[in-house]
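To convert a position in the sequence shown, counted from 1, into the working numbering, add 58.
Remarks on the structure that follows.
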Amino acid sequence: MEFCPTCGNLLRYGQSQFFCSTCPYIARIERQVEIKKKQLLVKKSIDPVVKKDDIPKGPETEAPCPRCGHEKAYFKTMQIRSADEPESRFYRCVKCEQTWREE
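This is the structure:
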């Protein structure tokens, strides 16, 4: 990266020159640099910090799932509207993990 010596902004590249988009500074490129070495990056395998089974599901209740009809669901309550409105209750099916909100 090259920076403008006049105003300090990042220089842009175009037509074999670096130029500043803020002030009239232009730096001509006299020779091209060729990259001789390429490094192949390899992704490392990452072990999960927490397994999906270890995450707390929440309290369980009887609520029929609209997708699969299973009778048990986990639930949580959240205040998503103003304080004078009742809390919203969200359910997640134990069997198929479908999520829905109590209206």
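Think of the CB as a built atom: it goes at the ideal place given N, C-alpha and C, for glycine as much as any other residue.
What number of angstroms, rounded off, separates the C-alpha of residue i from the C-alpha of residue j?
i	j	result
CYS62	SER103	41 Å
TYR83	GLU92	25 Å
ASN67	LEU98	32 Å
ARG150	PRO106	23 Å
ARG139	ALA121	23 Å
HIS128	LYS96	55 Å
LYS60	LYS109	Checking the displayed sequence, the identity of residue 60 turns out to be Glu instead of Lys. Taking the straight line from one Cα to the other gives about 45 Å.
CYS94	ALA85	Note on identity: in this sequence residue 94 is Lys, with Cys being the wrong assignment. Roughly 24 Å between the two C-alpha positions.
Give me, in chain order, the residues of the same chain whose beta-carbon lies closer than 8 Å to that of residue i; leave out the 5 immediate sequence neighbours on both sides.
i	result
ARG70	PHE76, PHE77, CYS78, SER79
CYS126	CYS151, LYS153, CYS154, GLN156
Does the beta carbon of residue i sit closer than 8 Å to a beta carbon anywhere in chain C?
i	result
SER140	Among the chains of the structure shown, chain C does not appear; only one protein chain is present.
Going by C-alpha to C-alpha distance, which of the options sits closest to residue i?
i	options	result
ILE87	LEU98, GLN73, MET59, GLY66	GLN73
GLN137	GLU160, TYR83, ASP112	GLU160
CYS123	LYS110, GLY66, GLU155	GLU155
THR135	VAL108, ARG147, HIS128	ARG147
PHE133	TRP158, LYS109, ASP111	TRP158
Is it the case that the Cβ atoms of residue i and residue j are separated by a distance below 8 Å?
i	j	result
ALA131	VAL100	no
So, at 7 Å on beta carbons, what are the nonlocal neighbours of residue i in its own chain, with the 5 sequence-adjacent residues on each side left out?
i	result
CYS81	CYS62, THR64, CYS65
ILE113	none
Skipping 5 residues on each side, what residues in its chain have a beta carbon closer than 6 Å to that of residue i?
i	result
PRO89	Here residue 89 turns out to be Arg, not Pro, going by the sequence shown. Taken in chain order, the list of residues that qualify is empty.
> Is the number of C-beta pairs between the segment 139-146 and the segment 100-117 that are closer than 8 Å three or more?
Replying inline: no
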